[in-house]
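Okay, structure coming up:
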């Protein structure tokens, strides 16, 4: 895809194809030595010329709920004490933190003392995986995961592998799933940790977490089980203790809470090696002054998400199924998600077309989607998730994710449907050139 700087340079050189180009709304596709401008239909612009974009990237991040924003603003203004201080300001902040911890614990049905606050799921996943591996390395240095995990899990395992741990990368099937039997077959006498995501952040595939957890507790009770729950909470039932999970990660900004807040559930009796040195906050597992407004905001977001989970799943499943039906009817598009997956994610590929070109075309047509996950979307590499599922390079390089939120309605899906048809119509002549 041609960059704005490239186009500017070409115009300066007298490239007639690019003279009079409209950068604000024009999309340029580089094919060989030719740059093609894709025009924008006027119906996708707001009054005044600004593009009207409908957001379909809730799996990347969500708009904070107004109630969450109001609560955080009130606390930021009135309750600014350090929760570790013993004077009145500190005590009031400490009580807010205590209530936030209790609220988060109630939302996933665990004990408040089992909640460790972090800056987000990336930190939670790192603390869970590296903290467990380092703490229990005397038992063994064999750990298990899949190649389809979120980058924060995947890269943690890669780093541990570089440090001398033996990693088993479980293969997934064409739907992106592992079975409980696969996990159990991989267990060895020196296995200390299994880490799996509940819901895949790209495709929405749902691992059989409860079955795996129950079998691990029964057949390999010394093996710790970590679940990355980021894409599952608020969309599916979340009962980590009931599943047999020892560690469970969450992020606030995926559920209409603030960025910069997350948690790690650590089952009573499980020990971790801290990754940060400093004070004794968070039971000595996470040094640093807690961000009280953000954590209170996360607790409120978790409560709202838990209360609305059943309704959310019912409504978004209907919208998701309609989107999947639309994609199925468009020649050249390939579905990677299944109806048995999460209610809010639809993943598809446009083989032969670079994902970023399709993404920006859709953006010019009024809808915002994503390529891969948000943490990997700026990478030019094909999706390792799709490659692990057996897709070819063309599919893996042309993958797009549509993700729904609680604000989407049928009219939004109708807009998306129109945009998908228009995208393919505009890009089809370029398929062989890309």
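Residue numbers (this note's numbering): 16 to 449. Beta carbons: idealized from backbone N, C-alpha and C, even for Gly. Quick caveat: nothing in here was measured; it's all calculated off a predicted structure.
The C-beta separation of residue 268 from residue 76 comes to about 5 Å, placing the pair in contact by the 8 Å criterion. Taken in chain order, the complete beta strand (DSSP E) segments of 3 residues or longer contained in the segment 153 to 241 are 157 to 161, 181 to 185, 206 to 212. In the structure shown, residue 414 adopts extended strand secondary structure according to DSSP, grouped into three states. With respect to residue 145, residue 171 sits close: the two C-beta atoms are nearer than 8 Å.
Going by beta carbons, residue 438 and residue 386 fall outside the 8 Å limit. Pairing residue 126 with residue 283 gives a Cβ-Cβ distance under 8 Å.
DSSP places residue 360 within a strand segment (E or B) once states are collapsed to three.
Straight-line measurement puts the Cα of residue 226 at about 36 Å from the Cα of residue 295. A distance below 8 Å between beta-carbons, with the five flanking residues on each side excluded, links residue 235 to the following residues of its chain, in chain order: 199, 202, 206.
Look at the beta carbons and you see the segment 175 to 195 touching the segment 151 to 161: at least three pairs across the two are nearer than 8 Å. Put simply, the backbone Cα of residue 240 is about 26 Å away from that of residue 328. Excluding sequence positions up to five before and after residue 384, its CB lies within less than 7 Å of the CB of 71, 72, 374, 377, 415, 416, 417, all in the same chain and listed in chain order.
As the crow flies, the alpha-carbon of residue 101 is around 38 Å from that of residue 246. Secondary structure of residue 125 (DSSP, three-state): coil.
Residue environment: residue 293 is assigned as exposed (fewer than 16 neighbouring CB atoms within 10 Å of its CB, all protein chains considered). If you draw a straight line from the Cα of residue 163 to the Cα of residue 348, it is about 22 Å long. For residue 130, the enclosing beta strand (DSSP E) starts and ends at 130 to 133.
Sixteen is the threshold: when 16 or more other Cβ atoms of the shown chains lie within 10 Å of the Cβ of residue 151, as they do, the residue is buried. Straight across, the Cα-Cα distance linking residue 237 with residue 219 is about 30 Å. Distance from residue 345 to residue 352 at the Cβ level is roughly 15 Å; contact not present, criterion being Cβ atoms closer than 8 Å. The three-state secondary structure of residue 70, taken from DSSP, is strand. A direct Cα-to-Cα measurement between residue 208 and residue 148 gives close to 7 Å. When DSSP states are grouped into helix, strand and coil, residue 252 belongs to the coil group.
With contact defined as three or more Cβ pairs closer than 8 Å, the segment 424 to 438 and the segment 324 to 338 are in contact. For residue 435, the three-state secondary structure derived from DSSP is helix. With three or more CB-CB distances shorter than 8 Å, the segment 303 to 315 counts as touching the segment 114 to 131.
Classified as buried, residue 379 has 16 or more neighbouring CB atoms from the shown chains inside 10 Å of its CB.
Boundaries cannot be given for residue 419, as no beta strand (DSSP E) includes it and DSSP labels it neither H nor E. Between the beta-carbon of residue 107 and that of residue 96 there is about 6 Å, and that keeps the pair under the 8 Å contact cut. In terms of Cα proximity to residue 251, the closest of 355, 314, 278 is 355.
Residues 189 of the same chain have their beta carbon placed closer than 6 Å to that of residue 405, with the five preceding and five following residues left out of the count. Annotated as distal: residue 142 and residue 305, with beta-carbon spacing of 8 Å or more. Your pair residue 434 and residue 372 does not check out as a contact, with CB atoms roughly 14 Å apart and the cut at 8 Å. By the beta-carbon neighbour count (other beta carbons within 10 angstroms, threshold 16), residue 131 is buried. Following the DSSP letters along the chain, one finds residue 281 in no alpha helix (DSSP H) but inside the beta strand (DSSP E) bounded by residues 277 to 281. By the criterion of a C-beta distance shorter than 7 Å, residue 259 is surrounded in its chain by 228, 229, 231, 232, 240, once the five residues flanking it on both sides are discounted.
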